[in-house]
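Residue numbers (our numbering), protein chains in the order written: chain A, 986 to 1282; chain B, 986 to 1282; chain C, 986 to 1282; chain D, 986 to 1282. Virtual Cβ for every residue (Gly too), placed ideally from N, Cα, C. Note that this is a predicted model, so its numbers are computed, not measured. The structure appears below as structure tokens.
4 protein chains.
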Amino acid sequence: MARIGIHSFVWSASSAQADLERTLANTKEAGFELIEFSYLDPANVDIGRLARRIADLDLGVAISIGLPANGDISSADRAVAARGVDILNRTIALTRDLGGRKVGGILSTSHGLQTEAPTRDQWNRSAATLAKVAETAKAAGVTLNLEIVNRFESNLLNTAAQGLAFIEDTGSDNIFLHLDTFHMNIEEADAALAIRNAVGKIGYVHIGESHRGFLGTGSIDFAGIFDALTAIGYDDDLSFESFSSEIVDENLSKKTAIWRNLWTDNMELARHARRFIAVGLETARRKAELVTATQKP
Amino acid sequence: MARIGIHSFVWSASSAQADLERTLANTKEAGFELIEFSYLDPANVDIGRLARRIADLDLGVAISIGLPANGDISSADRAVAARGVDILNRTIALTRDLGGRKVGGILSTSHGLQTEAPTRDQWNRSAATLAKVAETAKAAGVTLNLEIVNRFESNLLNTAAQGLAFIEDTGSDNIFLHLDTFHMNIEEADAALAIRNAVGKIGYVHIGESHRGFLGTGSIDFAGIFDALTAIGYDDDLSFESFSSEIVDENLSKKTAIWRNLWTDNMELARHARRFIAVGLETARRKAELVTATQKP
Amino acid sequence: MARIGIHSFVWSASSAQADLERTLANTKEAGFELIEFSYLDPANVDIGRLARRIADLDLGVAISIGLPANGDISSADRAVAARGVDILNRTIALTRDLGGRKVGGILSTSHGLQTEAPTRDQWNRSAATLAKVAETAKAAGVTLNLEIVNRFESNLLNTAAQGLAFIEDTGSDNIFLHLDTFHMNIEEADAALAIRNAVGKIGYVHIGESHRGFLGTGSIDFAGIFDALTAIGYDDDLSFESFSSEIVDENLSKKTAIWRNLWTDNMELARHARRFIAVGLETARRKAELVTATQKP
Amino acid sequence: MARIGIHSFVWSASSAQADLERTLANTKEAGFELIEFSYLDPANVDIGRLARRIADLDLGVAISIGLPANGDISSADRAVAARGVDILNRTIALTRDLGGRKVGGILSTSHGLQTEAPTRDQWNRSAATLAKVAETAKAAGVTLNLEIVNRFESNLLNTAAQGLAFIEDTGSDNIFLHLDTFHMNIEEADAALAIRNAVGKIGYVHIGESHRGFLGTGSIDFAGIFDALTAIGYDDDLSFESFSSEIVDENLSKKTAIWRNLWTDNMELARHARRFIAVGLETARRKAELVTATQKP
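Right, dumping it as structure tokens:
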């Protein structure tokens, strides 16, 4: 059964302990079953305490990151690539320590607008490195989930088909796709077809609107998305993600170009999202049953 | 603010007093604010008692009918037409007595598959007669709402544009359109455009799926419908309608050709519909606000 | 490669030889590759001459019928059922004699609004009888294609899933589905899903709009239909069907309730349909290629 | 009547005279009626000769630009803003000299990913400056059309509603919106609603797919776009725009992050686009007529 999660930046971009704990409480209050955090630095956060709080609230947890330019594992510069591996390893450890099982985000290359087209060498270096990191992750009981993002945020993996080819090149069975409807809306020929073609290889899904605001108030055909996820039997985690200029993370807000205020009341936003996803998934399930019902007299 | 109603045949086709009262209780329990009944015969039903029960539960009420072949007001046979007028007048009285303000359904001609194309004379007779009935209705504080139905259920008014032309020909200001998404899906070039073009003239709306089952499990673009209703500022009643072979009304089930079992648990169906409509209307309202937000820095 | 056909009632409902031959010429002129006729009576039509004309123009041909009430093979009345078998056998012979390979339409029961729900006995009688007729058809090099129509035109097979169950019950490998987008729009939970679920069992497709007029001017998501046909590798015939009060067939126009004039210029209609389908199929093919393109750097 | 144009980068990013002239020939051959160029430097291009070639082929012409960072008219640095004004003035002169009437593109601020949110001062400076430039344009018989682009390409005007507010602040009657479906897909709550709300203020439209490739192979609801343009009576120019890694412009390809090869045969692409737009516009016109047809018997 799919757990419905929410990205913590709906609540706060702060990593102060009190804010993190309020984020957990809000997540629970709004009806979600999983919290997604960006990387949290154990030097500043009491991870053990946070893990207990997550467990007490019976929440799942996932961690997502975007590799920085100076920690890009696809780089020909060995020091840069090594820094990337270190970041990934620390993220895996954090995820395990919080009780999570999934690392998501932009793992194959750096996050942000590039100025050069990617090369086959980059692709190959990234795949080879990630294959090894995936072993570390496996040992920690954690999967790697490659977020497929739009052209302005990465130049390497922009479509699910590219992601599948990349995963194949890694040879790993511990690397999956992290699909995100916001990005799919820009890059995929057809988000629903892309999901169907990725059956068995989707590890995590972000449910976000085309403008990153309230679900259903943009151009994404969520019914089609939910139908496709139902058709392939996806029953793993899906997390709501939304950004507004109301909550600013210095790093992420700029790379994702958040200029507009799409909401101020995040509890209203979250509750609407929870209802929207729940009604959508239920409707998709009923549709799938109906379309195959033989209904003999 | 729109009231969300439900057609009583979701609950029961019986007009036994106990069944009618259970229908009211179910309607309330499932979260609806209005009940739509087909014509109830005061000879068999304690209307006063039912009216009090409706009022006690703080429910709205609407009555819908389909004229029978032998009570078709468009008929050249005066006795047939007179019978139709009598049916309409009794329906108006019933509606008033129950505390309602709207009569809906197929009022301009008979309900059921026809074998001949309609004539201009029929149209004119119907418009002239309905203009007079509308005065009676007005005196009773009740509006007439012409249900625009598909080709298999009437040959006279199949589109909103036809309905608007017909209303204009009546010259009455007490006749409105009763639109129904199930029928619009078959007849309208574009249900959303049809709604926009009917601004100010829509008195009642049926929200039904293309196959008459669970909302969202068919081919209707409800987001487009809710957007159009929002765009024209429709804030009047909308009622969920669904038919399944589970609940049979001898008259209606045959004219509407209900052969398949699209649901068995009507409370589940109703609650899903209530959530689906509520989330849909909220989403449409938020989208309309967002699309006009100037968002200056 | 799919051939794009057209139903002859776009051109004329007459079966006078000259009209039939003009229909062929129009079909060719508008760019279609196949003509679909309703049953033509060899007593009145020079079938050999028509067949040569079809061959000369390098057109394909398909025949569709709807069994009459007095020739319903699902009937418990043996004389009625036998009349139905006779009609089917004559249709098979006609199809073969014209050089065609497909019989389509409402073959399992009678065409028209029913007043009683179907029974399991009807279903079983129909399946058993059709299994035998399918052998006759096979010997003639012709397939039977069961048109799945809406509730107002038949009570037995309204969805593709019902059709598949019925075909399975016949045990025949010479019976396929004849899907029609007009009917699917009313009955299917999701036309595209229904097509995907029927992979390998679709023998013929009608492309018709929700109101039976110009393609694209109604509520059907043709892009979704073309995507689904592409996804399952359907590369067989698809025929455009449209009805308007402009061209009346006494039998069909009433059963299908054609009251409105949706077009007057049938050549304009046909050419638009041809372009619409061709652009739609090309676009679907390109989309399917794109969504799987690995696009490694 | 709308002219259907095409952006020259479908054909070539070169501004060598021979390439420009081949671009015109291709444009004509593919059936387009207007060519859109990015700014062409009169120091390198024989503008008079190009203008005659355009006139000889009976083509329309439009010029689009994106202001560079060092020519941003919203800048507080006067030298930067003055450079921007100079660029705009030269673009207006070029447009006039080529026989065009429209300047489009990103005129209110610089093109490219920003790292800071915009300020009200920027907005005000840009509006005041553009009001003056619009007078220069008016004298040259040219309109300014503000391209509303996605968040990754500008931080100032991302939605049509922002554009309308900005135009109002300029006080000019010679500034219009240049809408682009690719960008609308990312930023607008509803592209069709945004178009309806901008009635009378749209001067130019880019028809581009969500991934910038073949029309119809992405996530944009072009039927809805064409319906909305038809509903507001837009009958001005619309140009097809598509980018692929096949044709690289050093400046534009990086700012727009073109990494994938979405087509190689540009003539096939262009012809498909021409057919797709023509069929789409015709269908929208017919739908709009049908939805208002009174169709009295």
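Alpha carbon to alpha carbon, how far is residue i from residue j?
{"i": "Lys1240 (chain B)", "j": "Leu1214 (chain B)", "result": "29 angstroms"}
{"i": "Gly1156 (chain C)", "j": "Thr1277 (chain C)", "result": "36 angstroms"}
{"i": "Trp1108 (chain A)", "j": "Phe1151 (chain A)", "result": "8 angstroms"}
{"i": "Asp1004 (chain B)", "j": "Leu1044 (chain B)", "result": "17 angstroms"}
{"i": "Ala1001 (chain B)", "j": "Arg1034 (chain B)", "result": "13 angstroms"}
{"i": "Arg988 (chain A)", "j": "Gly1265 (chain A)", "result": "14 angstroms"}
{"i": "Val1127 (chain B)", "j": "Lys1186 (chain B)", "result": "15 angstroms"}
{"i": "Asp1082 (chain D)", "j": "Leu1042 (chain D)", "result": "16 angstroms"}
{"i": "Asp1206 (chain D)", "j": "Gly1188 (chain D)", "result": "21 angstroms"}
{"i": "Leu1009 (chain A)", "j": "Glu1274 (chain C)", "result": "43 angstroms"}
{"i": "Val1070 (chain D)", "j": "Val1118 (chain D)", "result": "7 angstroms"}
{"i": "Asn1236 (chain D)", "j": "Ala1176 (chain D)", "result": "28 angstroms"}
{"i": "Asp1158 (chain D)", "j": "Ala1113 (chain D)", "result": "13 angstroms"}
{"i": "Arg1259 (chain C)", "j": "Val1190 (chain D)", "result": "28 angstroms"}
{"i": "Asp1106 (chain A)", "j": "Lys1272 (chain A)", "result": "45 angstroms"}
Just to confirm my understanding: we take residue i, look at its own chain, exclude 5 residues before and 5 after, and list those with CB closer than 8 angstroms. What are they?
{"i": "Ile1133 (chain D)", "result": "Leu1142, Asn1143, Thr1144, Ala1145, Gln1147, Gly1148, Leu1162, His1163, Leu1164, Asp1165, His1168, Met1169 and Glu1172"}
{"i": "Trp1248 (chain C)", "result": "Gly1198, Phe1199, Ser1227, Ser1229, Glu1231 and Leu1254"}
{"i": "Arg1270 (chain C)", "result": "Thr1215"}
{"i": "Ser1111 (chain A)", "result": "Ile1058, Ser1059, Ser1093, Thr1094, Leu1141 and Phe1151"}
{"i": "Glu1021 (chain A)", "result": "Gly990, Ile991, His992, Ser993, Val1046, Ala1047, Ile1048, Ser1049, Gly1089, Ser1224 and Glu1226"}
{"i": "Asn1182 (chain B)", "result": "Ala1145, Ala1146 and Leu1149"}
Taking residue i as the reference, give the member of the options with the closest Cα.
{"i": "Pro1103 (chain B)", "options": "C:Asn1246, C:Gly1056 and C:Asn1251", "result": "C:Asn1246"}
{"i": "Val995 (chain D)", "options": "D:Arg1007, D:Ala1263 and D:Gln1002", "result": "D:Arg1007"}
{"i": "Leu1025 (chain C)", "options": "C:Gly1188, C:Ile1072 and C:Ser1093", "result": "C:Ile1072"}
{"i": "Ser1224 (chain D)", "options": "D:Ala1112, D:Asn1029, D:Gly1193 and D:Leu1042", "result": "D:Gly1193"}
{"i": "Gly1209 (chain A)", "options": "A:Ala1179, A:Asp1220 and A:Asn1236", "result": "A:Ala1179"}
{"i": "Trp1244 (chain D)", "options": "C:Gly1218, C:Lys1281 and C:His992", "result": "C:Lys1281"}
{"i": "Arg1068 (chain A)", "options": "A:Ser997, A:Asp1031, A:Lys1272 and A:Gly1056", "result": "A:Gly1056"}
{"i": "Ser1139 (chain B)", "options": "B:Ser997, B:Leu1098 and B:Asp1234", "result": "B:Leu1098"}
{"i": "His1096 (chain B)", "options": "B:Val1233, B:Arg1136 and B:Glu1018", "result": "B:Arg1136"}
{"i": "Ile1077 (chain A)", "options": "A:Ile1039, A:Ala1036 and A:Ala1122", "result": "A:Ala1122"}
{"i": "Leu1079 (chain C)", "options": "C:Val1030, C:Ala1064, C:Ala1066 and C:Glu1101", "result": "C:Val1030"}
{"i": "Lys969 (chain C)", "options": "C:Thr1268, C:Lys1272 and C:Arg1256", "result": "There is simply no residue 969 (chain C) to check, as chain C begins at 986 and stops at 1282 in what is shown."}
{"i": "Ile1032 (chain D)", "options": "D:Ala1015, D:Val1065, D:Arg1075 and D:Ile1160", "result": "D:Arg1075"}
With a threshold of 7 angstroms between beta-carbons, can residue i be considered close to chain D, or not?
{"i": "Gly1201 (chain C)", "result": "yes"}
{"i": "Leu1098 (chain A)", "result": "yes"}
{"i": "Phe1151 (chain A)", "result": "no"}
{"i": "Arg1110 (chain A)", "result": "no"}
{"i": "Asn1140 (chain A)", "result": "yes"}
Enumerate in chain order the residues of its own chain whose CB-to-CB distance from residue i is below 7 angstroms, with the five nearest sequence positions on each side excluded.
{"i": "Ala1174 (chain B)", "result": "none"}
{"i": "Leu1092 (chain C)", "result": "Leu1052, Leu1073, Leu1115, Leu1129 and Leu1131"}
{"i": "Ser1204 (chain B)", "result": "Asn1170 and Ser1195"}
Compare the C-beta of residue i with all C-beta atoms of chain F and state if any pair is closer than 7 angstroms.
{"i": "Arg1197 (chain D)", "result": "The structure shown has no chain F; the protein chains it does contain are A, B, C and D."}
Kindly say whether residue i, judged by its beta-carbon, lies nearer than 7 angstroms to any beta-carbon of chain C.
{"i": "Thr1215 (chain D)", "result": "no"}
{"i": "Val1030 (chain D)", "result": "no"}
{"i": "Ser997 (chain B)", "result": "no"}
{"i": "Phe1017 (chain D)", "result": "no"}
{"i": "Gln1107 (chain D)", "result": "no"}
{"i": "Ser1204 (chain B)", "result": "yes"}
Taking Cβ positions only, does residue i come closer than 7 angstroms to chain B?
{"i": "Lys1272 (chain A)", "result": "yes"}
{"i": "Arg1260 (chain A)", "result": "yes"}
{"i": "Val1088 (chain A)", "result": "no"}
For a cutoff of 7 angstroms on Cβ pairs, would you count residue i as touching chain A?
{"i": "Arg1136 (chain C)", "result": "no"}
Closer than 7 angstroms between beta carbons: that is the criterion. Which residues of the region 1225-1251 of chain A meet it against chain D? Ser1230, Lys1239, Ala1242, Trp1244 and Arg1245
Residues of the region 1171-1188 of chain D with a CB closer than 8 angstroms to any CB of chain A: list them in chain order, please. Those residues of the region 1171-1188 of chain D that come within reach of chain A (Cβ to Cβ, closer than 8 angstroms) are Ile1171, Glu1172, Glu1173, Ala1174, Asp1175 and Ala1176.
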